[in-house]
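Colleague:
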Amino acid sequence: MPTTRGRIDKRQAILDAAITVFARRGYDQACVQEIADEAGVAKPTVYNHLTDKATLFREAMTAAAGTAVARHLATLDRLTDPGDDLRPVLREVALDLLRCHCDDRSRAVRRLLHAELARFPDLLSLVRGPSGHRVTEALADRLARLTLAGRLRPADPSTAAEQLLALLTGPADLHWPLETPSDDDLIRITDAAVDTFLRAFAPGPPSQDSRAAGPIQRR
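For the sequence shown, the UniProt record's numbering begins at 1 and goes up steadily by one.
1. In the structure shown, what three-state DSSP assignment does Val194 receive?
2. Quick check on DSSP: helix, strand or coil for Thr51?
3. Report yes if the CB atom of Leu73 is closer than 8 Å to the CB atom of Arg134, and no otherwise.
4. Tell me, please, whether the stretch 35-43 touches the stretch 5-17 by the rule of three or more beta-carbon pairs shorter than 8 Å.
5. Whose C-alpha, out of Asp122, Gly26, Ala166 and Glu162, is nearest the C-alpha of Glu137?
6. Does the count of Cβ pairs from the stretch 87-102 and the stretch 12-31 closer than 8 Å reach three?
7. Is Pro157 helix, strand or coil by DSSP?
8. Could you check whether the stretch 43-53 touches the stretch 62-71, counting it as contact only if at least three pairs of C-beta atoms, one from each stretch, sit closer than 8 Å?
9. Leaving aside the five residues before and after Cys102 along the sequence, list all residues of the same chain whose C-beta is less than 7 Å from its C-beta, in chain order.
10. Apart from the five residues on each side of it in sequence, which residues of its chain come closer than 7 Å, Cβ to Cβ, to Thr196?
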């Protein structure tokens, strides 16, 4: 068992190092020796786990995307029981989703995806395939439960989930395509997104301005 655990840990270290090096150098300029050095392993060890550079790139991109999905799903768990006041919980969840979307690793994956899609036409399905849809599906599930509980007005939960995610990620990708937004920018985008979303989907009369809920805590 320790041998198996060590092999899994070493493979993960190689994949983490690969994304770091590919993001820094690009696919063409990245070399396996640099990835091995970054991971703290010998070059033959990289080839023992991942047979060649192309396989390493695909596996590293898939693993990085999977890690981001896991983070999103963990964040969405907080919507299972949001308490009496939905708005502040939804804002905190939305902000964490946006922070994950805009962190250095996620942005690196998106840059590499766009840069290498012609070389790796299967990359889009690997990175944004079934695992990518899990976030939208999980958010739709949480919104559907909130609707059944009378916390949101009746609507198609998948459409509502897609619209909330678009309200969050759209402005960030539009205004900061190459650099990371500041946390103040992320908070501003989140406030606007949640306010717009609840004006459309909250039950009863239009909701009050998002500022009434108080500031989101900065990290």
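A virtual CB, placed ideally from N, CA and C, is assigned to each residue, including glycine.
None of these values were measured; they are calculated from a predicted model.
Modeller: Well, looking at it:
1. helix
2. coil
3. yes
4. yes
5. Glu162
6. no
7. helix
8. no
9. Ala172, Thr180, Pro181 and Leu186
10. Leu167
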